[in-house]
Each structure stands twice: as structure tokens, then as C-alpha cells.
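**Q** Below is a structure I'd like to ask you about.
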Amino acid sequence: MLPSSRYLLAPAPLPAMVVRPPPPHPPSRGTSPLARPPLCRAMARAAPSLSAAASTAASSSTTPAKKKVLLPIAMGTEEMEAVILAGVLRRAGADVTLASVEDGLEVEASRGSHIVADKRIAACADQVFDLVALPLTKVDDNLERSIEVNEIEWSSDHNPHVLIPIANGSEEMEIIMLTDVLRRANVNVVLASVEKSTSIVGSQRMRIVADKCISDASALEYDLIILPVSYFSFHIFI
525 MLPSSRYLLA PAPLPAMVVR PPPPHPPSRG TSPLARPPLC RAMARAAPSL
575 SAAASTAASS STTPAKKKVL LPIAMGTEEM EAVILAGVLR RAGADVTLAS
625 VEDGLEVEAS RGSHIVADKR IAACADQVFD LVALPLTKVD DNLERSIEVN
675 EIEWSSDHNP HVLIPIANGS EEMEIIMLTD VLRRANVNVV LASVEKSTSI
725 VGSQRMRIVA DKCISDASAL EYDLIILPVS YFSFHIFI
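Just so we're on the same page, the numbering used here is the position in the sequence shown counted from 1, plus 524.
Following this line, the structure appears as C-alpha cells:
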């Protein structure tokens, strides 16, 4: 009786269940199992470059165009007015064109300084300018009335002789203002180029022609030598 009841109360055995693990994926060398797929990493790296390109395009589209200025010069032009106008406007970022109304590019200003224009006025006829700046000339009544002459005689037995050496990169406003003011005071000023040619290009890309080369000027005696600031000097900030 006991053996038969033992078999009746015992639960029937369940069939064995087999759980198959997923097929193993060999991990990439040097990566963890939780790392992103290669495609996601490539997309994540490409996003910043697209953003940088868009910001660069936006910044370039908002950059304003340079203002174009025409500055005609002629024989007898007031050199300080012409050079200061061109120098200040170019420092402000304007595209300034010095245009000669004479047959050649080189003009002799009211106080004897020689300035070389960028081009002749006829070459600018088909261009559009935002501003046309007209400096005074020697024939203007206003310039004739503004001429200042030193009426006091110098204490020396002769008018002072001053040498101003100039070179490529010299500050043209300083050159012209020094020369103009001294010549108005009846000082004999000699502009001497230290370059191989008498023509030099200043810090604001204006071409000035010196009176002579420094080798020729060294044969004379001077009461004063003035060295204008140059582009390579630490005193000037461009």
C-alpha cells in the first residue's frame, strides 16, 4: 500500500528546457561591448564640421564690402590734404584710388613734393565710387590765402638745411607734413631715398618720389636730420 501511494503522489517529471544563448559577436580590438557602432561614431564626428562650415559661411556673408573712394590729384595739389585724406581713409578700411588728372601718373604738389598716382583718371571712368574727395590745389583762392610764410628772419646767416631720409614703409603722412611745414617756413628740405631708386612706397601704399638718393645727399651739410617713423618701427601701430 505505501509503495503504490508514493508513486501516485509524486509529481510527474517535467521535460528539460534548453535556453540557447545568442550567437557570440567577436568584439573589435580595443573597444568595449557597449561602444557605439562605427556608423554612429562617424556621424557624431561629422556634425561639428558641418556646423563650423555653416558658421563660416554666415560670417563671410555678413562682412560688409569696402567703400570705394576716388581721390583725384593734379599739378599743384595741396600735398598734406591729399596724403592725409588717402592715409586716414585707407587706415579705416576704404579702397582709395589716387587718380592723376595729368598726362602722367607723377604730379608735383604745391610745395614741391612729388606724388605718384595709382592710375590715370581716364581708367576710372567706368567704375562706381561711394565718395569722390577733391583736395585743394595751388590755383584755388582758399589755398592762396592760407599760405603761411615765415616773415621772421633766421638768426643764422643762411636758411636752415634739413635732411629727411625716407624708405619703403615710411609713414607718408609724417613725411609730407614735415616737408610741407618746414618749406612754408623757408627751410631748405631735401628728401633723400635710402633705397636703390628715388621712388619709395609708404606704409599706406602711396608712392612718393624723393629729391635725390642718400648717396648724392651725403655730399652736403645739414643743420638738422629728421627720421620719420616707418612701418617697421615699434612706434607705429597698423
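The beta carbon of each residue, even a glycine, is placed where N, CA and C say it ideally should be.
All of these numbers come straight from a predicted model, not from anything done at the bench.
Between which two residues does the alpha helix (DSSP H) harbouring S739 extend?
**A** Stepping through the sequence shown from its first residue, residue 739 is reached at position 215. Taken as a continuous stretch (DSSP letters only), the alpha helix (DSSP H) holding S739 covers I738 to A741.
**Q** Would you decide whether G652 is buried or exposed? Buried here means 16 or more other CB atoms lie within 10 Å of its CB.
**A** The residue given as residue 652 occupies position 128 in the sequence shown. A small correction: the amino acid at residue 652 is Val; Gly does not occupy that position in the sequence shown. Exposed: under 16 other Cβ atoms inside 10 Å.
**Q** Span of the alpha helix (DSSP H) holding A606?
**A** For the purposes of this step, residue 606 is taken as residue 82 along the sequence shown, with counting starting at 1. Residues E603 to R615.
**Q** Would you kindly work out how many angstroms separate the C-alpha atoms of V733 and R614, rounded to a whole number?
**A** On the sequence shown, residue 733 is found 209 positions in, with the first residue counted as 1. On the sequence shown, residue 614 is found 90 positions in, with the first residue counted as 1. Whole-angstrom Cα-Cα distance: 20 angstroms.
**Q** Hey, P659 and L715: beta-carbon distance below 8 angstroms or not?
**A** Counting from 1 along the sequence shown, the entry for residue 659 is found at position 135. Counting from 1 along the sequence shown, the entry for residue 715 is found at position 191. Cβ distance not < 8 angstroms, so P659 and L715 don't count as in contact.
**Q** How do the stretch 637-647 and the stretch 619-628 stand: do at least 3 beta-carbon pairs fall below 8 angstroms, yes or no?
**A** yes
**Q** On the three-pair Cβ rule with 8 angstroms, is the stretch 746-756 touching the stretch 688-704?
**A** yes
**Q** Can you list the beta strand (DSSP E) stretches of 3 or more residues lying completely in the stretch 678-754, in chain order?
**A** With a minimum length of 3 residues, the continuous beta strand (DSSP E) runs that stay inside the stretch 678-754 are 685-690, 712-717, 723-725 and 731-733.
**Q** Can you find the residues in the same chain that come closer than 8 angstroms, C-beta to C-beta, to V686, ignoring five residues on each side of it along the sequence?
**A** Your numbering for residue 686 matches position 162 in the sequence shown. If we look at V686 and ignore the five residues flanking it on each side, its Cβ neighbours are L706, V711, N712, V713, V714, Y746, D747, L748, I749 and I750.
**Q** With DSSP as the reference, identify every bridge partner of D642, one or two as the case may be.
**A** As a first step, residue 642 must be located in the sequence shown, where it is residue number 118. For D642, which the question treats as bridged, DSSP gives no partner whatsoever.
**Q** By DSSP, does A623 sit in helix, in strand, or in coil?
**A** On the sequence shown, residue 623 is found 99 positions in, with the first residue counted as 1. In this structure, A623 counts as strand in the three-state DSSP scheme.
**Q** Distance check for P684 and P588, CA to CA, integer angstroms please.
**A** One-based indexing of the sequence shown puts residue 588 at position 64. One-based indexing of the sequence shown puts residue 684 at position 160. When rounded, the distance between both Cα atoms is 49 angstroms.
**Q** Answer yes or no: do H638 and E630 have a C-beta to C-beta separation smaller than 8 angstroms?
**A** The residue labelled residue 638 in the question sits at position 114 within the sequence shown. The residue labelled residue 630 in the question sits at position 106 within the sequence shown. In contact: H638 and E630 (Cβ atoms closer than 8 angstroms).
**Q** Pull up the distance between the alpha-carbon of A649 and that of L594, whole angstroms please.
**A** Taking the first residue of the sequence shown as 1, we reach residue 649 at position 125. Taking the first residue of the sequence shown as 1, we reach residue 594 at position 70. One C-alpha to the other measures close to 11 angstroms.
**Q** Report the partner residues of L595 according to the DSSP bridge assignment.
**A** Here the question's residue 595 lines up with position 71 in the sequence shown. L622, per the DSSP bridge assignment.
**Q** Report back the beta-carbon spacing between K592 and D654 to the nearest angstrom; my notes put them in contact at under 8 angstroms.
**A** Taking the first residue of the sequence shown as position 1, residue 592 is located at position 68. Taking the first residue of the sequence shown as position 1, residue 654 is located at position 130. Yes, they are in contact, since the Cβ atoms of K592 and D654 sit about 5 angstroms apart, within 8 angstroms.
**Q** So, is D735 buried or exposed, given that buried needs 16 or more other C-beta atoms within 10 angstroms?
**A** Counted from its first residue, the sequence shown places residue 735 at position 211. With 16 or more Cβ atoms within 10 Å of its Cβ, D735 is classed as buried.
**Q** Roughly how many angstroms lie between the CA atoms of I738 and P689, to the nearest whole one?
**A** Reading the sequence shown from its first residue, position 214 is the one you call residue 738. Reading the sequence shown from its first residue, position 165 is the one you call residue 689. Their backbone Cα atoms lie some 7 angstroms apart in a straight line.
**Q** Decide if V612 is buried, meaning its Cβ has at least 16 other Cβ atoms within 10 Å, or exposed.
**A** Your numbering for residue 612 matches position 88 in the sequence shown. The residue in question, V612, is exposed, as its Cβ has fewer than 16 Cβ neighbours within 10 Å.
**Q** When the cut-off is 8 angstroms and only beta carbons count, does D704 lie next to chain B?
**A** Going by chain labels, chain B is absent from the structure shown, which holds only one protein chain.
**Q** Beta-carbon within less than 7 angstroms of A743's beta-carbon, same chain only, minus the 5 sequence neighbours each way: which residues are those?
**A** Here residue 743 refers to the residue found at position 219 when the sequence shown is read from its first residue. Within the same chain, A743 has no close Cβ partners at all.
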